[in-house]
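Notes follow the structure.
Chains as they are written, first to last, in my numbering: chain A, 59 to 252; chain B, 59 to 252.
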């Protein structure tokens, strides 16, 4: 079912959403191939069109592909002791997802209802990134654990702003699909009462 | 390009992710057609497979399709004065997305890094719901503004649990696609520095 997408001449496989969700995976091993600019553009376009509370779009993306800087940024995800997230050091692209102030309506609504809508928005847009990447044959991984202060300094992000997530991006070293371990449906769904 | 999906015999249009993202829309007008059980199952399966911080899966879905109860639940989204969200009263299905406690690792990580990972997870899984619904020809709308206490009582949700979102679901009354109003790419993306 492989085919050329209608626009842009990007070679994508047309898969239904069910298949796409299965293909998307947290990729923790990348090979050395660089990511084509046109693929990055397409991924960012999927993010641009993501929905958000009151259409706030409370996000900015800093795409880091300059090798020295990327290594330093990837370094902020590697713990000093446990050394998790080392796979980020292989990823050809790192994306820092910066939270921007939501619209006043989203902010007030969030205050009244005691909910941080912008964090849900960040989740939505990050998943748009990962799903679009998966369709284009790329691996990605959302990372929440990193030295945010250092990342902010490296990318010249103003000190008041948060970076809820970083996302690694690149061609997976293996195309073997891991089995997804999830709760059974019966544990997560009920009808008409909790 | 319409075709039958491989499993389940559900009639879905195979569209690439770019197209799917464009088709997904906040639907605020539903017609009277009920939603087929097999479509609801498929939507919930897309949610079940969603990623989450430390694979916590910190969510439960209460699907409300019993007419009397659904009307009452939809009523909790309609403000007493401004009467927004009235469209929920037409939706044949309402889904309450309940936040469940995340895993201890996600919780501790969130505490140390001062981030509510579970809210990002809720955003991710809610968008899986809406995207899968869109592929199946259904409209959906995430709603963050509702009387949470009343919703909790109606669905017998324990008082300590939060409902970050409700989602309305049904066949759209119109298949006209609204133009998406979004910031230009240049306002949301930069390379190698903020």
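The C-beta atom is built at its ideal place from N, Cα and C for all residues, glycine as well.
{"Asked": "Coarse secondary structure for residue 229 (chain B), derived from DSSP in three states", "Found": "coil"}
{"Asked": "Rounded straight-line distance, which links the Cα of residue 164 (chain B) to that of residue 129 (chain B)", "Found": "36 Å"}
{"Asked": "Residue 252 (chain A) (DSSP reduced to helix, strand or coil)", "Found": "coil"}
{"Asked": "Contacting residues, own chain, Cβ-Cβ under 6 Å from residue 112 (chain A) (five flanking each side not counted)", "Found": "161, 163, 164"}
{"Asked": "CA-to-CA distance, residue 84 (chain B) to residue 156 (chain A), given in whole angstroms", "Found": "24 Å"}
{"Asked": "Beta-carbon proximity check, residue 81 (chain A) vs residue 192 (chain A), cutoff 7 Å", "Found": "yes"}
{"Asked": "First and last residue of the uninterrupted beta strand (DSSP E) at residue 162 (chain A)", "Found": "First-last for residue 162 (chain A): 162-171, but that is the alpha helix (DSSP H), not the beta strand (DSSP E)."}
{"Asked": "Under 8 Å by beta carbon: chain B residues contacting residue 102 (chain A)", "Found": "243, 246, 247"}
{"Asked": "Beta carbon of residue 187 (chain A) nearer than 7 Å to that of residue 101 (chain A)", "Found": "yes"}
{"Asked": "Reduced DSSP secondary structure (H/G/I, E/B, other) of residue 218 (chain A)", "Found": "coil"}
{"Asked": "Residue nearest to residue 91 (chain B) in terms of C-alpha spacing, selected from B:236, B:149, B:215", "Found": "B:149"}
{"Asked": "CB contact flag (residue 79 (chain A), residue 104 (chain B), <7 Å)", "Found": "yes"}
{"Asked": "Where residue 239 (chain A) sits in the DSSP three-state scheme", "Found": "coil"}
{"Asked": "Alpha-carbon to alpha-carbon, residue 72 (chain A) and residue 59 (chain B)", "Found": "For residue 59 (chain B), the predicted structure reports a pLDDT of 31, less than 50, and the residue's modelled location is therefore unreliable. A value from the coordinates is still provided. Answer to the nearest angstrom: the Cα atoms are 10 Å apart."}
{"Asked": "Integer-rounded CB distance, given that residue 181 (chain B) should sit under 8 Å from residue 200 (chain A)", "Found": "Their Cβ separation, rounded to whole angstroms, is 12 Å, which puts residue 200 (chain A) and residue 181 (chain B) out of contact at 8 Å."}
{"Asked": "Boundaries of the beta strand (DSSP E) in which residue 200 (chain A) is found, first to last residue", "Found": "197-201"}
{"Asked": "Whole-angstrom distance between residue 212 (chain A) and residue 93 (chain A), CA atom to CA atom", "Found": "22 Å"}
{"Asked": "Below-7 Å beta-carbon distance, residue 236 (chain A) vs any chain B residue", "Found": "no"}
{"Asked": "Simplified DSSP assignment, three categories, for residue 84 (chain A)", "Found": "strand"}
{"Asked": "Close-in-space but distant-in-sequence residues of the same chain around residue 136 (chain A) (CB under 6 Å, 5 per side omitted)", "Found": "143, 144"}
{"Asked": "Min CB distance residue 218 (chain B) to chain A below 7 Å", "Found": "no"}
{"Asked": "Those residues which DSSP pairs with residue 155 (chain B) across a bridge", "Found": "B:119, B:223"}
{"Asked": "Min CB distance residue 157 (chain B) to chain A below 7 Å", "Found": "no"}
{"Asked": "Simplified DSSP state of residue 183 (chain A), which is helix, strand or coil", "Found": "helix"}
{"Asked": "DSSP-derived helix/strand/coil call for residue 60 (chain B)", "Found": "Because residue 60 (chain B) sits at a pLDDT of 36, beneath the cut-off of 50, its placement in the model cannot be relied upon, and the following sentence gives the value as read from the coordinates. In the structure shown, residue 60 (chain B) sits in a strand (DSSP, three-state: E or B)."}
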